[in-house]
Amino acid sequence: MLRWSKVLAVIAAVVMLGAFVAGCGGGTENAGDDQASVRDKFGGRIVGIEPGAGIMKATEKAIKEYGLEGYELQDSSSAGMVAALKKAINDKEWIVVTGWTPHWKFAKWDLKYLEDPKGIYGGEEEIDTIVTPTLKDEAPAAYQMLDNFYWKPSDMEAVMLDINVNEMDPDAAAEKFIKEHQDMVNEWIPEGVEKGKDKIVLGYVEWDSEIASTHVVKHVLMKMGYDVELQAVDAGVMWQGIGAGSFDAIVAAWLPTTHKDYYEKVKDKVENLGPNLEGTRIGLVVPKYVTIDSIEDMAQ
Ligand code: PBE
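In structure tokens:
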């Protein structure tokens, strides 16, 4: 009898100890070890970009739809997002950022998109060229070139890499691309079409992808004899500007999802020349060493 009560006492002690240990796990003081919650490992933050970007609105929605309480979406810039990513990777820390393709960061680091089973970020998209309706008459050759402008994600990525990894000036990177892709560029430039007015104004946002495309278009138009002015603005101003005719064109319309709200407001006042690039994507991006695979797992 005595022996049995001893055994029971030992079992009870083990069970109590187990419960005690379990109760201690998961605290914020454990961030970085395996016991910490996913949210703690990310420091409760999603590193964003400029507030007007479509990807920021999509991320606000994702926070609601996936119940990501305790996460803060931090405003930053495209450059700030990349700097935070670089620092976290150097320190081997967990980080989640608003990311998009095409982007040179995928060539530079081992990154992955978190799965988005609710489809908040939409599927594959395209980037459209949008012009002001008077451009066709005012600058027929520029209009035709903008209509012809079409390239692949790998082309855009090559220019982005030169600017961001090889540290080339955007104008130099655009000129290099044009020189190395004469056949493609010659297909964009129409023959025997009237030039019309001298000056073309392009609006854009300083997203790495749009810095690349807008500078390439600028240099092709310059080759055709136009004076080209680039105006770097935020997303809201870019869309208002093309709607009001203060820009001749933008080559930065991410549709049908990312810029849907902006596009809806101006679509009757602009002319959409269709895609200049197909196969884009937006979403939440993490380094590959982060051991979750889905946005759903961020709530853990
Ligand atoms: N981006 C790059 C933009 C469009 C181009 C994905 C950051 C956005 O979210 O609006």
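The sequence shown begins at -3 in our numbering and counts up one residue at a time. In this text, a Cβ means the ideal position worked out from N, Cα and C, and glycines have one as well.
Among the options, the one whose alpha carbon lies nearest that of residue i
{"i": "Val246", "options": "Val161, Pro283, Gly270", "result": "What sits at residue 246 in the sequence shown is Ile, not Val. That would be Gly270, whose Cα lies nearest to the Cα of Ile246."}
{"i": "Pro252", "options": "Val286, Lys114, Glu274, Val233", "result": "Glu274"}
{"i": "Lys71", "options": "Ala49, Asp106, Leu64", "result": "Looking at the sequence itself, residue 71 is Asp, so the reference to Lys does not match. Of the listed residues, the one whose Cα sits closest to Asp71 is Ala49."}
{"i": "Val352", "options": "Ile288, Ile291, Gly237, Pro283", "result": "Only positions -3 to 296 of the chain appear in the structure, and residue 352 is not among them; the question remains open."}
{"i": "Ala249", "options": "Asp106, Gln296, Leu198, Ile291", "result": "Leu198"}
{"i": "Ile196", "options": "Ile59, Tyr62, Met141", "result": "Met141"}
{"i": "Thr254", "options": "Ala103, Met52, Ala169", "result": "Met52"}
{"i": "Asp264", "options": "Ala240, Val281, Lys284, Pro283", "result": "Ala240"}
{"i": "Lys132", "options": "Asp257, Asp244, Asn272, Tyr259", "result": "Asp244"}
{"i": "Ser242", "options": "Thr128, Lys88, Met77", "result": "Thr128"}
{"i": "Phe102", "options": "Glu190, Glu206, Val281", "result": "Val281"}
{"i": "Ala231", "options": "Val201, Ile207, Val43", "result": "Val201"}
{"i": "Trp147", "options": "Val233, Val224, Asp179, Met218", "result": "Asp179"}
{"i": "Thr130", "options": "Ala228, Lys193, Tyr62", "result": "Lys193"}
{"i": "Thr210", "options": "Trp235, Lys175, Val233, Ala170", "result": "Ala170"}
Residues that residue i bridges to, as DSSP identifies them
{"i": "Pro252", "result": "None; Pro252 has no bridge partner."}
{"i": "Gln227", "result": "Gly199"}
{"i": "Ile123", "result": "Trp250, Leu273"}
{"i": "Ile238", "result": "None, per the DSSP bridge assignment."}
{"i": "Pro283", "result": "Leu107"}
{"i": "Ile278", "result": "Trp96"}
{"i": "Glu171", "result": "Answer is none; Glu171 lacks a bridge partner."}
{"i": "Ala245", "result": "Val127, Leu198"}
Own chain partners of residue i with C-beta closer than 8 Å, once the 5 adjacent residues on each side are dropped
{"i": "Gly22", "result": "For Gly22, the predicted structure reports a pLDDT of 38, less than 50, and the residue's modelled location is therefore unreliable. The matter cannot be settled from this model."}
{"i": "Phe38", "result": "Tyr67, Trp90, Ile91, Val92, Met294"}
{"i": "Gln296", "result": "Ser33, Val34, Arg35, Ile288"}
{"i": "Met120", "result": "The displayed chain sequence assigns Glu, not Met, to residue 120. Taken in chain order, the residues that qualify are Glu274, Gly275, Thr276, Arg277."}
{"i": "Phe173", "result": "Asp151, Ala154, Val155, Asp158, Val212"}
{"i": "Lys88", "result": "Tyr285"}
Coil, strand or helix - residue i by DSSP
{"i": "Val181", "result": "helix"}
{"i": "Asn272", "result": "strand"}
{"i": "Gly118", "result": "coil"}
{"i": "Glu267", "result": "strand"}
{"i": "Gly232", "result": "helix"}
{"i": "Asp290", "result": "Position check: residue 290 holds Ser in this sequence, whereas Asp was assumed. Strand, per DSSP."}
{"i": "Glu176", "result": "helix"}
{"i": "Phe38", "result": "coil"}
{"i": "Thr210", "result": "helix"}
{"i": "Leu4", "result": "In this prediction, Leu4 scores a pLDDT of 47, lower than 50, which makes its location untrustworthy; the coordinate-derived value is nonetheless stated afterwards. Helix."}
{"i": "Gly95", "result": "strand"}
{"i": "Gln140", "result": "helix"}
{"i": "Val43", "result": "strand"}
{"i": "Glu68", "result": "strand"}
{"i": "Cys20", "result": "For Cys20, the predicted model reports a pLDDT of 43, less than 50, meaning its position is unreliable and no value from the coordinates is stated."}
{"i": "Glu163", "result": "coil"}
{"i": "Lys83", "result": "helix"}
{"i": "Gly76", "result": "helix"}
{"i": "Gly28", "result": "Caution applies to Gly28, whose pLDDT of 46 falls short of 50 and renders its modelled position unreliable; the model cannot decide the point."}
Heavy atom of the ligand PBE within 7 Å of residue i beta-carbon
{"i": "Thr125", "result": "no"}
{"i": "Glu301", "result": "There is simply no residue 301 to check, as the chain begins at -3 and stops at 296 in what is shown."}
{"i": "Ile45", "result": "yes"}
{"i": "Ile51", "result": "yes"}
{"i": "His177", "result": "no"}
{"i": "Ile278", "result": "yes"}
{"i": "Ala168", "result": "no"}
{"i": "Ser72", "result": "no"}
{"i": "Ala231", "result": "yes"}
{"i": "Trp250", "result": "yes"}
{"i": "Ser209", "result": "no"}
Close Cβ partners of residue i (< 6 Å) along its chain, the five nearest in sequence each way excluded
{"i": "Gly19", "result": "With a pLDDT of 41 at Gly19, under the threshold of 50, the modelled position of this residue cannot be trusted; read the value that follows with caution. Nothing meets the Cβ criterion."}
{"i": "Val286", "result": "Trp90"}
{"i": "Ser74", "result": "Ile45, Trp203, Asp204"}
{"i": "Arg41", "result": "Glu68, Gln70"}
Beta-carbon contacts of residue i that lie in its chain and below 7 Å, excluding the five residues immediately before and after
{"i": "Gly279", "result": "Gly95, Tyr109, Leu110, Asp112, Tyr117"}
{"i": "Val161", "result": "Trp100, Lys104"}
Cβ-heavy atom distance, residue i to the ligand ZN, below 7 Å
{"i": "Trp96", "result": "The ligand ZN is not part of the structure shown, which contains the ligand PBE as its ligands."}
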